[in-house]
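In the numbering used here, the protein residues as written are 4 to 543.
These notes are about the structure you will find just below.
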Ligand code: FAD
Ligand code: NA7
């Protein structure tokens, strides 16, 4: 596959037509669309030293996608779908990174990137109608369009524990893991955090550490994924059926590659629901456990309790020490992002693993030799922060990003981030956000592809019509935010405190950050905007 070398034209006196920030799924595909298909002159940046985004940074042990491999990829290149063979049912971090590297090579995308470069400032100049972008390497570049693929889980949340700099051992955040890996052999390792990342890290690190201490603030519900090699026959079947597979994905809500249940659990007996849950658990339920078994686990409190109760009983069966089992058992609603694991609860049966409750006894400080709570000090050689992300808007509010009238994005979003369709923002002309706030909550590559295609079509239309500027109406943005809130309120997700609503960051406004209406309805909404002649926008 070669790059299409279409003629490059730069409009409006800008240095380049478009600046793309990010080299994950979003930034790479945007770069491909704008350069290879539309022939725009572009400059792309990433602060990593190479492509991969999430999968470049999150190299912690056990890092695995919770989406099955056959749909954690791009769908547009039918040849690539046939040529690329996934090794396992769920994709490990090295395999996804290899896939994205191959994607960048295939379309010769690296030459459009400047790596090791952080975009620090982007200001819209109203007199020239151009974005003026600055980087930490001293670049100053102007462009008609600014397209951000900053990632919704890329700004790390590292709690500022008293004394954290005094620790004499090694300390790492999972999202900035050393490229050469970390050797746990003979080491006393402490992991803070038991979300998706913590669960994966703990399970993978336990066998090699001398001792692993898990600092748990909130226990969570987790379901095994039963990862393993993809049998050749299964791969062949998928490859022969990719057209219907992608049709099903785009017509589904979650885009996870399975048919979501339409059967409610609320009126069934415990014996009836348990039978279905047991089968899902055995087959490696993962996300399927919440969404393929029954239709109402995320919306009906009784159905939710049936699923939660099943997982609680599993914990008490798997974990041998009753005190540890009790600490690991959540009693709240099952409405955070569902966790998937590869033997998490069983890990606590190991002699070298212990659990510390830091909700009852919070971490008071990091000392030179470990972690201290009111209960005492835990001596450690390595501290791992699996404490998550300032999700969705975090990578925007950490930037000096200004629209018209000097409006700073962090001020605009002080009460919670807003957008129209997750892709455009009032007061920020000619800026497009891939996976911006209030975009779809799904398996993400299909949503990324959908958004990038829409943005590329939007830019094509503007070029065809010789528009210099697009500006979104605030009314459209407010309506979209209201729609996202209304849909979220129909689910149980706002009732749980998690990053999905910004509740994990102290002081952050707790607000809706996703469109929970599903990919199919989302596609309808963005197509309606096009069909209306982009009526939510004004053009000059
Ligand atoms: P990213 O991959 O996050 O890329 C953003 C890039 O932008 C990064 O490289 C970052 O360094 C760069 N960047 C940000 N700000 C700047 C700046 N100012 N200047 C320069 N560069 C900048 N999603 C799923 O659908 N299924 C899963 O199973 C799944 N598992 C996940 C597991 C982990 C551990 C994590 C962290 C995320 C997971 N996700 C999963 C979400 C995942 O982030 C998306 O699937 C997808 O990779 C996002 O791609 P992206 O291009 O939008 O962002
Ligand atoms: P999460 O889901 O936000 O989990 C972070 C964990 O860290 C969670 O257990 C937190 O406890 C814990 N945490 C955070 N701050 C502290 C402090 N100060 N003290 C103790 N414990 C703390 O992040 P993940 O990285 O696991 O997952 C986020 C997404 O990224 C996920 O969807 C993956 O796909 C990748 P809490 O629950 O807040 O009590």
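For each residue, glycine too, the CB sits at the ideal point set by N, CA and C.
Inspect the beta-carbon positions of residue i and residue j and report whether they are closer than 8 Å.
i	j	result
residue 59	residue 177	no
residue 54	residue 31	yes
residue 50	residue 180	no
residue 519	residue 485	no
residue 267	residue 303	yes
residue 257	residue 456	no
residue 48	residue 117	yes
residue 172	residue 458	no
residue 192	residue 212	yes
residue 369	residue 432	no
residue 421	residue 441	yes
residue 123	residue 410	no
residue 219	residue 67	no
residue 27	residue 70	no
residue 315	residue 332	yes
residue 392	residue 534	no
residue 351	residue 322	yes
residue 17	residue 138	no
Exposed or buried, what is residue i when buried is set at 16 or more other beta-carbons lying within 10 Å of its beta-carbon?
i	result
residue 295	buried
residue 415	buried
residue 169	exposed
residue 493	exposed
residue 540	buried
residue 128	exposed
residue 478	exposed
residue 21	buried
residue 250	exposed
residue 527	exposed
residue 5	Below a pLDDT of 50, predicted positions are generally treated as unreliable, and residue 5, at 35, falls in that range; no measurement from the model is reported.
residue 317	buried
residue 7	Note on residue 7: pLDDT 46, under 50, position unreliable in the model; no value is reported.
residue 190	buried
residue 10	The predicted position of residue 10 is uncertain, since its pLDDT is 44 and thus under 50; no value can be drawn from it.
residue 243	exposed
residue 182	exposed
residue 88	exposed
residue 202	buried
residue 543	exposed
residue 353	exposed
residue 525	buried
Mind reading off the beta-carbon distance from residue i to residue j? Whole number of angstroms is fine, and I expect it under 8 Å.
i	j	result
residue 33	residue 23	5 Å
residue 398	residue 154	6 Å
residue 199	residue 340	7 Å
residue 217	residue 197	7 Å
residue 150	residue 437	7 Å
residue 417	residue 512	7 Å
Looking at residue i and the ligand NA7, is the gap between the Cβ and the nearest heavy atom below 7 Å?
i	result
residue 361	yes
residue 340	yes
residue 195	yes
residue 1	Only positions 4 to 543 of the chain appear in this structure, which leaves residue 1 out of reach.
residue 156	yes
residue 45	no
residue 366	yes
residue 79	no
residue 221	yes
residue 372	no
residue 513	no
residue 517	no
residue 507	yes
Any heavy atom of the ligand FAD inside 7 Å of the beta-carbon of residue i?
i	result
residue 136	no
residue 128	no
residue 121	yes
residue 49	yes
residue 69	yes
residue 159	no
residue 28	yes
residue 149	no
Tell me whether residue i, by its Cβ, gets closer than 7 Å to a heavy atom of the ligand FMN.
i	result
residue 389	The ligand FMN is absent from the structure shown, which contains only the ligand FAD and the ligand NA7.
Mind checking if residue i is an interface residue toward chain D, Cβ cutoff 8 Å exclusive?
i	result
residue 488	Here there is only one protein chain, and chain D is not present.
Practice task
Kindly provide the ranges of any beta strand (DSSP E) runs that are 3 or more residues long and lie completely inside the stretch 196-238, ordered along the chain.
Solution key: Correct list: 214-219 and 225-227.
Problem - Secondary structure, beta strand (DSSP E): runs of 3+ residues fully inside the stretch 311-384 - result: The beta strand (DSSP E) runs lying completely inside the stretch 311-384 and spanning 3 residues or more are 342-344, 356-360, 366-369, 373-376 and 379-382, given in chain order.
Practice task
Output the residue ranges of the alpha helix (DSSP H) runs that lie fully inside the stretch 453-520 and measure 4 residues or longer, sorted by chain position.
Solution key: Entirely contained in the stretch 453-520, the alpha helix (DSSP H) runs reaching 4 residues are, in chain order, 477-492.
Exercise for the section: Just list the beta strand (DSSP E) runs in the stretch 100-184, keeping only unbroken ones of 3 residues or longer that don't cross its boundaries, in chain order. Expected result: With a minimum length of 3 residues, the continuous beta strand (DSSP E) runs that stay inside the stretch 100-184 are 122-128, 133-138, 143-151 and 173-176.
Exercise for the section: Just list the alpha helix (DSSP H) runs in the stretch 8-71, keeping only unbroken ones of 4 residues or longer that don't cross its boundaries, in chain order. Expected result: Within the stretch 8-71, the runs of alpha helix (DSSP H) at least 4 residues long that lie entirely inside it are, in chain order, 28-34 and 57-60.
Handout entry: Length at least 3, wholly inside the stretch 408-457: the beta strand (DSSP E) runs in chain order
Key = The qualifying runs are 434-436.
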